[in-house]
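Residue numbers (the numbering used here), protein chains in the order written: chain D, 1 to 466; chain U, 1001 to 1466; chain W, 2001 to 2466.
Where a beta carbon is used, it is the ideal one built from N, C-alpha and C, also for glycine.
Quick notes on the structure that follows.
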Amino acid sequence: MALHPDRLFPVDADARSIARRLYAEIAGLPILSPHGHTDPFWYADNAPFPDPAHLFVVPDHYIFRMLYSQGVPLEALGVPRVDGGPTETSGREIWRTFAKHYHLFRGTPSRLWFEHSLEAVFGIEERLTTANAERLYDVLAEALTTEALRPRALYKRFGIEAIATTDCALDDLSAHRRIQDSGWAGRVLPTYRPDAVVDPERPGFADALAAFLSLTGQPSTYAGYLEAHRLRRAYFKALGATATDHGHPSAATADLSSGEAASLFETVLAGRADARACELFRGQMLTEMARMSLDDGLVMQIHPGSWRNHNPSLFHRFGFDKGADIPTQTDYVRALRPLLGAVGNEPGLTVILFTLDETAVSRELAPLAGHYPALRLGPPWWFFDSPEGMRRFRETATETCGFYNTVGFNDDTRAFLSIPARHDMARRVDCAFLAGLVATGRLDEDEAAEVATDLAYRLAKEAYKL
Amino acid sequence: MALHPDRLFPVDADARSIARRLYAEIAGLPILSPHGHTDPFWYADNAPFPDPAHLFVVPDHYIFRMLYSQGVPLEALGVPRVDGGPTETSGREIWRTFAKHYHLFRGTPSRLWFEHSLEAVFGIEERLTTANAERLYDVLAEALTTEALRPRALYKRFGIEAIATTDCALDDLSAHRRIQDSGWAGRVLPTYRPDAVVDPERPGFADALAAFLSLTGQPSTYAGYLEAHRLRRAYFKALGATATDHGHPSAATADLSSGEAASLFETVLAGRADARACELFRGQMLTEMARMSLDDGLVMQIHPGSWRNHNPSLFHRFGFDKGADIPTQTDYVRALRPLLGAVGNEPGLTVILFTLDETAVSRELAPLAGHYPALRLGPPWWFFDSPEGMRRFRETATETCGFYNTVGFNDDTRAFLSIPARHDMARRVDCAFLAGLVATGRLDEDEAAEVATDLAYRLAKEAYKL
Amino acid sequence: MALHPDRLFPVDADARSIARRLYAEIAGLPILSPHGHTDPFWYADNAPFPDPAHLFVVPDHYIFRMLYSQGVPLEALGVPRVDGGPTETSGREIWRTFAKHYHLFRGTPSRLWFEHSLEAVFGIEERLTTANAERLYDVLAEALTTEALRPRALYKRFGIEAIATTDCALDDLSAHRRIQDSGWAGRVLPTYRPDAVVDPERPGFADALAAFLSLTGQPSTYAGYLEAHRLRRAYFKALGATATDHGHPSAATADLSSGEAASLFETVLAGRADARACELFRGQMLTEMARMSLDDGLVMQIHPGSWRNHNPSLFHRFGFDKGADIPTQTDYVRALRPLLGAVGNEPGLTVILFTLDETAVSRELAPLAGHYPALRLGPPWWFFDSPEGMRRFRETATETCGFYNTVGFNDDTRAFLSIPARHDMARRVDCAFLAGLVATGRLDEDEAAEVATDLAYRLAKEAYKL
């Protein structure tokens, strides 16, 4: 049951040989993780990770959503209630439930990430079953108490060169400060994520906005609000940030006159913005953020198109990020035009687009990225950070915008132990794709080797200025 | 020209060997056909099938639409006129026309189904040509007169364990009663299809609604209308039904208050419903049907997104189901939210979604089915019940919702002789997909074998409670 | 670095052998190029082509858009300014810039077309590098002065049997007349492209319309306007045209009463048409053009769905066709219904649909073309005239509408030297697809060979009446 050394490579023997050669050259490259959601306090505190269930199951929405979809209550998986309901389930019980339903993950990337972690981190080459669940739990739990499995040791063992976290615009970044003050050699960068103070439709927006202005000492005017962003961006940048991150319901952007924008801000501030005004405000702020990026050099990431919290009763009981964020069809051509009209021709700006709607890749995203100097395509992501998703991304993007309008791989994860597995998967799938090009006479192998390195390492380093 | 024993398997020798082994274990499993459109009177009467042309060409919209698209008039194919126009064409003439245009089916599933039927049922291993058309016609016509080719004998020979028909809510199910009274061992189940009394925009709706209330002795109120559905569902269930089936123009659902719903029903009853109100009424009824399913345990099937009768002059001359039903882009995320908000978290409910818009699979359907306990994905269907369609379905669904949020294969056909061919195709394509996972180190072969059985048999048995 | 003899064939040895055999039979077939944008004056004047940069880089939007997307200014590529700005860059400088960024084209069809041209036309088997750029420039520049590389010689050497140009409805076709008068054996056909006098939203429409009526001596009435089209179509047809071509923002069609249409024309003529009226007028004209095609036999081509000139500041400086035309999502089912209701059942009419939105192929276009006698699908085109694009087209179209509702390959290019490369690519990809069908038991090889010839030659000849 050990990991197959040729996993994810082409089945044809010749193409597989090419993939092997390409992969051998890049398998050991350092990991750059410029977009993700690990907890900066892990690196600051360097405390041991919790038990196996609370490491692998409870925080991973890929895992618990699949179990939930087959009738396992989230309570039985230890997912915390936000409505005061009871939630106590022991790690061991959760693990047993996971083992019992392990077959559900056949054919999914979760299965591959999990088994890669088991083998690479814990040396376990058995498939999880109801029979060995207890024993494996003990083995994992024991190992997790050791120094070698603490966050900083794993950071080093995984070969991570830099990792970005995602942080609210209001965050004081105390974890990041502590990391830097500690003298530890690891590189953990914050990322400026201002959705909480940009999206009037988010719960708690009014309070967040007030706190934002107060924190930066700015007046309640549009000019003050923009200056508050500039100040917070500068603060994040001073602590190492190289990027911002924006997750909006749609890709809508706007480029209003300063008078219109100021007036819209007043409407928003007064809590009188309707759905259309909220959409317009979010869109205006994307363009403002792009302009600020031109000034301060932070790379801008946009990932639109998720219908957050689609399941109302589940949201009431368990809150955000519980696997009920569902992708929607996303238009980019009309939506991005105001932003692109304003700053799309700036070669000094980098705007990285992610999509949850893969039908837009060949039709809209690759043509846009293959034209506008400021645009790059982020890797396949969230439901598409998978072998088939990655393959389809290369097949639909490359012929139109090439490899060099993409930015290498992001793991986009909060599951720290899965990071090497995810990067390894991306490297293998990219090598498989490149091997296919070589085997069919579309690319010479020396060039493919160069591209493999670019996709695994160099493009991320350049795009994110790492 | 005999069927290739390795057809539809991977071309690579190693992967092909794996597929062969997987297929060998499931090739002989019984056929479950829980969604289809065969005529229950076939099994009740057990009369011989008609001549080859009226068996293979005249009733098969996949066949005659292709011929029509290349200029063959439907009259020349014996398709009956509904406007009183002349239609007489002999079976032999139709067959000759079919043979003359047989090359049009190259690369289509119709070709594979037809040749599978010829070989498996009639022992014919020749390709149909203008040269052998007459002779093959005679051979087939002769064979069709034998006892061995009557419906019940074929049912047994095909290894069918259970087959569902699709029946109007007004149907008296006399065929089903006769089948059950006959003591025959075959299992033929009705399916409750209430579109005729649910969709105010269907021709004849007012009369159907009146008949529906009269048949069940219910008053012309919303409460009476809902009770009429409950009574008819109970009647269908008593005769073996385990499922309902709903084919709407869109996936729109609604969850109105009882007062709003009652008032909407009055508008519909009065014939005053405009397009928006009709859409709302259909949507409300989907949610009501889901609630009734929670009570009576019938599995609910929804297949939205077909623009019926797109060709007006053809519809005028030939009526419904003449190959002019064209898929449209279909939104599921917004459309299903009312229904899912009402019953989506019920693990005791099964709602099976089909799609004619495959772009929704990776973006919307797999994420929804990979979260909501009540949702399952039906197999690729209608234009996608084909090798490439099935492959793409597995490639786009599996990584997000796994195999176990799908329900095995449905043949969805009115062409009885093609049923073994269609199931065999699905089994082969699924084995090919699984072999690919095994060959690329993504799944162990023992697990793939279990999944192959699940997809070919067990998932349908469970989902449809057969 | 020479072209791989098996390029674009399947990697599996058996499937590759089949592809080789199929390809060997069609590799030498004449080229039919019934839809393209080469300059008719090339064939009329038979003057030498310009220097290598002005042949390969400056006029090819696939090339310069990729370079532009990575920060190379269009000025540095010699693209002429339309706003009076400076543009002078020498061919040699442009070529150096191209060589320096040549890696950007890895994995793109531009790379394959370019290298095929280098090898087939110039005998160069080296990869372009900064090191050999100067030398290759000299070799190419020298060769381009020879008689053998003039347009008419290349036409013959490429094995072109007929090539269509695309010509404005106002064009006097003087080049075509000169070609015909010259007695040269080549066959260069004009194509009637009336967008300039059909789309009220195009810059210069009013003047074009006035010129159109004046040229044909028609009054400013709808009847006069339609008659003007008939006269111009007849003029084009007399000079060899067999087709018309229509590039609209959407696929919208209309079928107004003659009174409504006349009144709409008056609104348009008066310059009072708003966006909705412009869309309606374009849609009405598509139906009128289809009716005229029924009368005069010209094949009708429709290619909707491009958002032209998406980049406003670039458009201001460089004008049309600068790589900023971006595909948009395109509906065909609702949009085409008026036209199809009017003429879709006419087997004597051929309407060829192209799409820039490949998601519509399996959902809408193949079902429509697999039903309506008048419809055929054009080849994958513009961003999809690539190995993966062609493969996906066959995979998503064939099972529903077969091969015979498609029309073979069009190169759609203004890059004369790439024509053999593009046709060779299409032939290889189609042979690869067919080989896959044969290797998986879906098609017999003798039939595949017939289909290969049909796709490479016969279907274009028939569809375009060449």
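Helix, strand or coil at residue i [DSSP, three-state]
{"i": "Tyr1192(U)", "result": "strand"}
{"i": "Gln2180(W)", "result": "helix"}
{"i": "Thr2400(W)", "result": "helix"}
{"i": "Ser2306(W)", "result": "strand"}
{"i": "Val1011(U)", "result": "coil"}
{"i": "Val2333(W)", "result": "coil"}
{"i": "Ser386(D)", "result": "coil"}
{"i": "Glu462(D)", "result": "helix"}
{"i": "Ser1220(U)", "result": "coil"}
{"i": "Arg428(D)", "result": "helix"}
{"i": "Thr406(D)", "result": "strand"}
{"i": "Val299(D)", "result": "strand"}
{"i": "Arg376(D)", "result": "strand"}
{"i": "Val361(D)", "result": "helix"}
{"i": "Ala974(U)", "result": "Because chain U here runs from 1001 to 1466, residue 974(U) falls outside it and cannot be looked at."}
Cross-chain neighbours of residue i in chain D, by beta carbon under 8 Å
{"i": "Ala2469(W)", "result": "Because chain W here runs from 2001 to 2466, residue 2469(W) falls outside it and cannot be looked at."}
{"i": "Ala1460(U)", "result": "Going along chain D, no residue has its Cβ under 8 Å from Ala1460(U), so there is no contact; the nearest lies around 17 Å."}
Interface partners of residue i on chain W, CB under 8 Å
{"i": "Asn1132(U)", "result": "By Cβ distance, chain W contributes nothing, its closest Cβ being about 15 Å from Asn1132(U), past 8 Å."}
{"i": "Asp83(D)", "result": "Ordered by position in chain W, no residue passes the 8 Å Cβ test against Asp83(D), which lies about 40 Å from the chain."}
{"i": "Asp255(D)", "result": "Per Cβ cutoff of 8 Å: no residues; Asp255(D) is ~11 Å from chain W at best."}
CB-CB length for residue i against residue j, believed under 8 Å
{"i": "Glu1399(U)", "j": "Pro1373(U)", "result": "With a Cβ gap of about 20 Å, Glu1399(U) and Pro1373(U) do not count as contacting."}
{"i": "Pro1367(U)", "j": "Phe320(D)", "result": "Rounded, the Cβ-Cβ distance is 16 Å, inconsistent with contact."}
{"i": "Ala369(D)", "j": "Glu25(D)", "result": "Not confirmed; about 27 Å, so no contact."}
{"i": "Pro1034(U)", "j": "Tyr1464(U)", "result": "4 Å"}
{"i": "Ser362(D)", "j": "Pro304(D)", "result": "Not quite, the Cβ-Cβ distance comes to about 18 Å (not below 8 Å), so this is no contact."}
Proximal chain D residues relative to residue i, where beta-carbon distance stays under 7 Å
{"i": "Glu2125(W)", "result": "Here the premise fails: no neighbours, minimum Cβ distance about 12 Å."}
{"i": "Asp2357(W)", "result": "Arg363"}
{"i": "Thr1400(U)", "result": "Phe383"}
{"i": "Ala1015(U)", "result": "Val11"}
Beta-carbon neighbours of residue i, restricted to chain U and to distances below 7 Å
{"i": "Pro2367(W)", "result": "Ile1326, Pro1327 and Phe1383"}
{"i": "Arg334(D)", "result": "Within chain U, no residue comes near Arg334(D); the closest Cβ sits about 16 Å away, beyond 7 Å."}
{"i": "Phe6(D)", "result": "It should be noted that the sequence gives Asp, not Phe, for residue 6(D). Near Asp6(D) (Cβ distances below 7 Å), the residues of chain U are Gly1441."}
Amino acids of chain U, ordered along the chain, whose beta-carbon sits closer than 9 Å to that of residue i
{"i": "Asp2331(W)", "result": "Thr1328 and Gln1329"}
{"i": "Gln70(D)", "result": "Pro1347, Pro1373, Gly1402, Tyr1404 and Asn1405"}
{"i": "Pro2010(W)", "result": "Val1011"}
{"i": "Glu2447(W)", "result": "His1103, Arg1106 and Arg1127"}
Residue i CB to nearest heavy atom of the ligand NAP below 7 Å
{"i": "Ala2141(W)", "result": "The model on display carries no ligand, and the ligand NAP is accordingly not part of it."}
Partner residues on chain D for residue i, Cβ-Cβ distance less than 9 Å
{"i": "Leu1286(U)", "result": "Simply none; closest approach about 17 Å."}
Interface residues of chain W facing residue i [CB-CB closer than 7 Å]
{"i": "Leu74(D)", "result": "Within 7 Å Cβ-Cβ: nothing; Leu74(D) doesn't reach chain W, min ~34 Å."}
Contact list for residue i against chain U, beta-carbon separation under 8 Å
{"i": "Gly389(D)", "result": "Ser1362 and Glu1399"}
{"i": "Arg2337(W)", "result": "His1310"}
Sufficient close CB pairs (3 or more, under 8 Å) joining the stretch 1087-1100 of chain U to the stretch 1049-1062 of chain U: yes
Segment contact, 8 Å Cβ cut-off, at least three pairs: the stretch 2409-2416 of chain W with the stretch 2033-2041 of chain W: yes
Runs of beta strand (DSSP E) wholly within the stretch 2226-2269 of chain W (minimum 3 residues, chain order): 2243-2246
The stretch 1010-1022 of chain U / the stretch 1108-1125 of chain U touching (three or more Cβ pairs under 8 Å): no
Touch test, the stretch 224-244 of chain D against the stretch 185-194 of chain D, Cβ-Cβ under 8 Å, three pairs minimum: yes
The stretch 2242-2258 of chain W contacting the stretch 2282-2296 of chain W, beta-carbon criterion three pairs below 8 Å: yes
contact_flag[the stretch 199-219 of chain D, the stretch 160-172 of chain D] where n(CB pairs < 8 Å) is 3 or more: yes
Cβ contact (3+ pairs, closer than 8 Å) linking the stretch 2348-2367 of chain W and the stretch 2389-2404 of chain W: yes
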